[in-house]
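This report concerns only the one structure given below.
Protein chains: 2
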Amino acid sequence: MHIMSLSSPELDLKKYLEAREALIAQDRSLRRDHQEDIRPIRPESGKQTEAKELWENAGNEISASQSLFPGMGFLTGNNSSVEIFRILKKMPKGGLLHAHLDAMVDAEKLLNWALTLGAGYMHVRVDEPITASNFYLVVPEFKALVPGTTDNISLAPSLMSPSYLPKTWVPLHVARRPFSLKAFLMLKNLRGPELFDAWVTASIRIDPSEAYENMNTVDKIWDRFRAAFRTIFGLFRFEPIFRAVIKQVFWDCLNDGISYAELRINFHPLFMVRADGREDFGHREWVLAIREILDEFREELKPLGRQEEFVGVKLIYTTFRLASPEEIQFYLDDCFELKKEFQDEIAGFDLVGQEDLGEPLIKFVEVFLKFQKRVQEAQLYLPFIFHAGETLSDGGETDLNLIDALLLGTKRIGHGFSIAKHPHLLQMCREKNIMLEVCPISCRLTSSMPMHPLPAVLNSGVPVALNCDDPGIFDSMGNTYDIFQVLIASDVSGLTTIGTIAYDSLQFSELQSEKKVQALEFWKKRWAAFIDAIVDGSI
Amino acid sequence: MHIMSLSSPELDLKKYLEAREALIAQDRSLRRDHQEDIRPIRPESGKQTEAKELWENAGNEISASQSLFPGMGFLTGNNSSVEIFRILKKMPKGGLLHAHLDAMVDAEKLLNWALTLGAGYMHVRVDEPITASNFYLVVPEFKALVPGTTDNISLAPSLMSPSYLPKTWVPLHVARRPFSLKAFLMLKNLRGPELFDAWVTASIRIDPSEAYENMNTVDKIWDRFRAAFRTIFGLFRFEPIFRAVIKQVFWDCLNDGISYAELRINFHPLFMVRADGREDFGHREWVLAIREILDEFREELKPLGRQEEFVGVKLIYTTFRLASPEEIQFYLDDCFELKKEFQDEIAGFDLVGQEDLGEPLIKFVEVFLKFQKRVQEAQLYLPFIFHAGETLSDGGETDLNLIDALLLGTKRIGHGFSIAKHPHLLQMCREKNIMLEVCPISCRLTSSMPMHPLPAVLNSGVPVALNCDDPGIFDSMGNTYDIFQVLIASDVSGLTTIGTIAYDSLQFSELQSEKKVQALEFWKKRWAAFIDAIVDGSI
Numbered sequence: 000m001h002i003m004s005l006s007s008p009e010l011d012l013k014k015y016l017e018a019r020e021a022l023i024a025q026d027r028s029l030r031r032d033h034q035e036d037i038r039p040i041r042p043e044s045g046k047q048t049e050a051k052e053l054w055e056n057a058g059n060e061i062s063a064s065q066s067l068f069p070g071m072g073f074l075t076g077n078n079s080s081v082e083i084f085r086i087l088k089k090m091p092k093g094g095l096l097h098a099h100l101d102a103m104v105d106a107e108k109l110l111n112w113a114l115t116l117g118a119g120y121m122h123v124r125v126d127e128p129i130t131a132s133n134f135y136l137v138v139p140e141f142k143a144l145v146p147g148t149t150d151n152i153s154l155a156p157s158l159m160s161p162s163y164l165p166k167t168w169v170p171l172h173v174a175r176r177p178f179s180l181k182a183f184l185m186l187k188n189l190r191g192p193e194l195f196d197a198w199v200t201a202s203i204r205i206d207p208s209e210a211y212e213n214m215n216t217v218d219k220i221w222d223r224f225r226a227a228f229r230t231i232f233g234l235f236r237f238e239p240i241f242r243a244v245i246k247q248v249f250w251d252c253l254n255d256g257i258s259y260a261e262l263r264i265n266f267h268p269l270f271m272v273r274a275d276g277r278e279d280f281g282h283r284e285w286v287l288a289i290r291e292i293l294d295e296f297r298e299e300l301k302p303l304g305r306q307e308e309f310v311g312v313k314l315i316y317t318t319f320r321l322a323s324p325e326e327i328q329f330y331l332d333d334c335f336e337l338k339k340e341f342q343d344e345i346a347g348f349d350l351v352g353q354e355d356l357g358e359p360l361i362k363f364v365e366v367f368l369k370f371q372k373r374v375q376e377a378q379l380y381l382p383f384i385f386h387a388g389e390t391l392s393d394g395g396e397t398d399l400n401l402i403d404a405l406l407l408g409t410k411r412i413g414h415g416f417s418i419a420k421h422p423h424l425l426q427m428c429r430e431k432n433i434m435l436e437v438c439p440i441s442c443r444l445t446s447s448m449p450m451h452p453l454p455a456v457l458n459s460g461v462p463v464a465l466n467c468d469d470p471g472i473f474d475s476m477g478n479t480y481d482i483f484q485v486l487i488a489s490d491v492s493g494l495t496t497i498g499t500i501a502y503d504s505l506q507f508s509e510l511q512s513e514k515k516v517q518a519l520e521f522w523k524k525r526w527a528a529f530i531d532a533i534v535d536g537s538i
Numbered sequence: 000m001h002i003m004s005l006s007s008p009e010l011d012l013k014k015y016l017e018a019r020e021a022l023i024a025q026d027r028s029l030r031r032d033h034q035e036d037i038r039p040i041r042p043e044s045g046k047q048t049e050a051k052e053l054w055e056n057a058g059n060e061i062s063a064s065q066s067l068f069p070g071m072g073f074l075t076g077n078n079s080s081v082e083i084f085r086i087l088k089k090m091p092k093g094g095l096l097h098a099h100l101d102a103m104v105d106a107e108k109l110l111n112w113a114l115t116l117g118a119g120y121m122h123v124r125v126d127e128p129i130t131a132s133n134f135y136l137v138v139p140e141f142k143a144l145v146p147g148t149t150d151n152i153s154l155a156p157s158l159m160s161p162s163y164l165p166k167t168w169v170p171l172h173v174a175r176r177p178f179s180l181k182a183f184l185m186l187k188n189l190r191g192p193e194l195f196d197a198w199v200t201a202s203i204r205i206d207p208s209e210a211y212e213n214m215n216t217v218d219k220i221w222d223r224f225r226a227a228f229r230t231i232f233g234l235f236r237f238e239p240i241f242r243a244v245i246k247q248v249f250w251d252c253l254n255d256g257i258s259y260a261e262l263r264i265n266f267h268p269l270f271m272v273r274a275d276g277r278e279d280f281g282h283r284e285w286v287l288a289i290r291e292i293l294d295e296f297r298e299e300l301k302p303l304g305r306q307e308e309f310v311g312v313k314l315i316y317t318t319f320r321l322a323s324p325e326e327i328q329f330y331l332d333d334c335f336e337l338k339k340e341f342q343d344e345i346a347g348f349d350l351v352g353q354e355d356l357g358e359p360l361i362k363f364v365e366v367f368l369k370f371q372k373r374v375q376e377a378q379l380y381l382p383f384i385f386h387a388g389e390t391l392s393d394g395g396e397t398d399l400n401l402i403d404a405l406l407l408g409t410k411r412i413g414h415g416f417s418i419a420k421h422p423h424l425l426q427m428c429r430e431k432n433i434m435l436e437v438c439p440i441s442c443r444l445t446s447s448m449p450m451h452p453l454p455a456v457l458n459s460g461v462p463v464a465l466n467c468d469d470p471g472i473f474d475s476m477g478n479t480y481d482i483f484q485v486l487i488a489s490d491v492s493g494l495t496t497i498g499t500i501a502y503d504s505l506q507f508s509e510l511q512s513e514k515k516v517q518a519l520e521f522w523k524k525r526w527a528a529f530i531d532a533i534v535d536g537s538i
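Protein chains in written order, with numbering that gives the first Met the number 0: chain Y, 0 to 538; chain H, 0 to 538.
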């Protein structure tokens, strides 16, 4: 393609405009939504061009309105009353490739299960008696205990009683009843059980005022995340609730148009609490439970005629990155054993926790190399699918995690925020089809989409999947919120872009040969029907 | 260079570490501070390696301290008491390529000149009488008037008098005297002239609390900028003050180690107020004044033996981008006429004002092409040096200004913030040596260096100059503040980087052949002396 010489400008406007079109096209030529093989995703007929235009103008329309603009914070921008959001909700989204199971369920549901499924078992504790002045700072922790346990059980009448001994367990139904504090302006003027419930859900969810005002640095927002997880863990790690969460996640996926999921599960605790209250529900049983619930779920879909809509689930084994090489070795061995038994379920290995505060990947390289050798010798396929580059650092240890993730053969990169700084690494990912799992809303590094490096990554031709990461914490289930944000913040990314992203989320999933082909074929049919429905206005 | 295959990982740690070094090097191989021809800038001897290490670790040392961290806002980070800042102040910085003359002088100096040089001439006005409730919102505007003028002159005793007619002029010495408001908590408990002066300087300077709390969107910070310029304009556009500003800018450059400057001057007003109060001091005379003051300045340097330290000054002709093609045509013609007379002084043409709100370059392409033809036919050399891509937009009109700037043969790009999204445009700039004029502190698009796309641009091998842009508004004269910010926010950018940037600021300036060679040679000598002084601790 001829680009006008810069040093001797042509003086003809027509030629100028031709050269301009060519340069814009060349600048976008690496984008996957501009590739030839994307044709099946691109609306083709004249009628479909209409849909394409409708959608590609959506960003402008929305930003012109008073209530939404592309530079707004992610959380305040979750305006699900917008027409385009309603349509996006019905988009076939392909695979969900980056989400942490323990942060995927709505806080209210989790608490409700604690009250029903956990009745008689669930207890709550805090670090100090709750007072008017520490009310918003104290973090509730939960645990299911064998009924009748007396060890470390509180005898105080309430978490607010001055006689409450720090960190002793109060039965949940006891703690809820007298939950109120005189002389203090309560959350939404609630008292008793309603106040307790509002307090617990507020501890799990991060609201916009927290994210943009109080928690306006990277470390502060991470501290807030860790507090949310302290509340979630004890609720989640009780077999009946764990099972309920899994089923709910499947339904949430289905209802959001997600047809496949690779869920990151934190295998750090060796045991959850079993249904009978004993703390001996182990890793093998977790995977078995997931397999069982998936079978149940499929049975439930059959009478609805929706069984084709959900291809399945795989698990990415994770543990915390703040660990010694010996500890990582232990979890690698555990992952290896699970893989031998659950070859279809276990898709990969990863480390979680704030990258900037955890250990860099380089610290574990020896155990990783040994692990790869062992996997190879056993003729298993068990790749790394690492978080890497979730940092603002330029050339520091966390930024260099990208280097190690790539050298260790990571199949995809979780977040990869800092990769936009690295032209060679972007090229590597493009050429070797290493996908970036981008999670706009959960991004702790930037507060709005226009500051996010996603456009640079898309323009570099690196495959991208959009993901919700921790939707329970942001009250944003499914991938619709994230896709919505990407769409309204760009004049380049439109219908073809989000279609490409959805297609790629299956293409670069760990689904294997035949199943992947089937999933892609079925997605294409749903995509075509989605486009038709937009065009004929039936959506 | 052999990079380990990703699919079949080597199992040997030593080989892994070699491959890691190679990949990091390859990822940085495009950087200009990693190029072979940078060798004269790089500290070479063993002794100098020490200096290099000292500096390249500076970022870590500083971020480890409690008071400064790389993610802090630019303005709160201006901690000039830090040792490394003091040393950087003495660094030979090469050329200052992006700064607007009317925003280059300290607010207090400007006001002081209004009181001395403007005595009897300078007047002030506001849009409405100042009250306790509008005190922080009302913007003072100034103008020098012929003594004895009665037209539009206020008869009220004060700007705070209820009898003050909006927009009528009050003599400066009259306005200052009774400047206080009862029943209102005053700025720093000042009253009278001190309060007036504090009010005016606060209107010009943007302080951190404004920038990060009240003005926390791109449009708001731009509104604040425009208000500052409303106050500056009438002070600046009075011949005696204009002359004083120029001389001061030369001294500020010299004292900051800047040896050459290309100053953007806004030629939008056809006339300034002449020393005698008449408003007929025209564009030709501005350039003549600058030429005269440069000669004076050189004479003043001779007895100090510092005449070699300042190579000279060129002007970039600018006007506002919020204009019709006919208006732009007028200013292009005016620029052309000035260039014919002042071939050495006039270096290029540019448009100023918030890009997102102004007209895009494409709107003026016809007049630009005609202009280029005319310049060529007259055998003149008068390139565009455009602001472009100072936006968060992805593929919108302002983002596409980069396309037009490049097609119109811009010699450099002012800001170019959004270019980090465009792999092909980065490649074009690298291959054609089109420099980016980066202005970290004045950046209205991000509040801190770790969010700035500079590292991506450096890693792409595009030449970069660091600039202060509007130092009067940020109270950050010279380039030291910007260089300091870049240094502490990166683990990659060190002494060699900032040396390369300084070298390139002369290399890609509009200095012509022989003068450029001399400037570069002299800079290299100063750089070597600077390194020596760091090493022997004499700095």
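We put the beta carbon where it would ideally sit given N, CA and C, even for glycine.
Neighbourhood of residue i by C-beta distance below 6 Å, restricted to the same chain and skipping five residues each side
{"i": "alanine 501(Y)", "result": "Lys92 and Gly93"}
{"i": "alanine 63(H)", "result": "Bear in mind that the predicted position of alanine 63(H) carries a pLDDT of just 39, short of 50, making it too unreliable to give a figure here."}
{"i": "phenylalanine 539(Y)", "result": "There is no way to answer for residue 539(Y), as the model of chain Y reaches only from 0 to 538."}
Enclosing beta strand (DSSP E) for residue i [first to last residue]
{"i": "phenylalanine 348(H)", "result": "345-351"}
{"i": "threonine 317(H)", "result": "311-319"}
{"i": "glycine 93(Y)", "result": "93-99"}
{"i": "leucine 262(Y)", "result": "257-265"}
{"i": "lysine 372(H)", "result": "First-last for lysine 372(H): 364-376, but that is the alpha helix (DSSP H), not the beta strand (DSSP E)."}
{"i": "alanine 143(H)", "result": "140-143"}
{"i": "histidine 33(H)", "result": "It is not in any beta strand (DSSP E) - histidine 33(H) carries neither H nor E in the DSSP assignment."}
Neighbourhood of residue i by C-beta distance below 8 Å, restricted to the same chain and skipping five residues each side
{"i": "phenylalanine 319(H)", "result": "Asn265, His267, Leu350, Val351, Gly352 and Gly357"}
{"i": "isoleucine 203(H)", "result": "Ala106, Leu109, Ala227, Thr230, Ile231, Gly471 and Ile472"}
{"i": "glutamate 307(Y)", "result": "Phe521"}
Coarse secondary structure for residue i, derived from DSSP in three states
{"i": "histidine 386(H)", "result": "strand"}
{"i": "aspartate 468(H)", "result": "strand"}
{"i": "threonine 411(Y)", "result": "For the sequence presented, residue 411(Y) should be read as arginine rather than threonine. Three-state result, arginine 411(Y): strand."}
{"i": "arginine 297(Y)", "result": "helix"}
Under 9 Å by beta carbon: chain H residues contacting residue i
{"i": "methionine 450(Y)", "result": "Leu391, Leu444, Thr445 and Met450"}
Partners in chain H for residue i, counting only beta-carbon separations shorter than 8 Å
{"i": "serine 489(Y)", "result": "Asp393 and Gly394"}
Amino acids of chain Y, ordered along the chain, whose beta-carbon sits closer than 9 Å to that of residue i
{"i": "leucine 22(H)", "result": "Ile402, Leu405, Leu406, His423, Leu424 and Met427"}
Boundaries (first-last residue) of the alpha helix (DSSP H) holding residue i
{"i": "phenylalanine 483(Y)", "result": "479-487"}
{"i": "glycine 539(Y)", "result": "Because chain Y here runs from 0 to 538, residue 539(Y) falls outside it and cannot be looked at."}
{"i": "glutamate 430(H)", "result": "422-430"}
Integer Cβ distance of residue i from residue j, believed to fall under 8 Å
{"i": "isoleucine 279(H)", "j": "glycine 395(Y)", "result": "The question names isoleucine, but residue 279(H) in the sequence shown is aspartate. Contact flag wrong, Cβ pair sits at about 58 Å."}
{"i": "isoleucine 538(H)", "j": "isoleucine 86(H)", "result": "5 Å"}
Contact list for residue i against chain Y, beta-carbon separation under 7 Å
{"i": "lysine 420(H)", "result": "Pro454, Ala455 and Asn458"}
{"i": "arginine 31(H)", "result": "The contacting residues do not exist; arginine 31(H) stays about 13 Å from chain Y at best."}
{"i": "phenylalanine 365(H)", "result": "Reading the sequence as shown, one finds glutamate at residue 365(H) and not phenylalanine. Leu12, listed in chain order."}
Chain-ordered neighbours of residue i on chain B, where CB pairs are closer than 8 Å
{"i": "glutamine 484(H)", "result": "The structure shown has no chain B; the protein chains it does contain are Y and H."}
Chain-ordered chain Y contacts of residue i [CB-CB under 8 Å]
{"i": "glutamine 25(H)", "result": "His423"}
Own chain, CB closer than 7 Å to residue i, minus 5 neighbours either side, in chain order
{"i": "lysine 13(Y)", "result": "none"}
Residue i CB to nearest heavy atom of the ligand ADP below 7 Å
{"i": "glycine 304(Y)", "result": "Looking at this structure, you won't find the ligand ADP or any other ligand, since it has none at all."}
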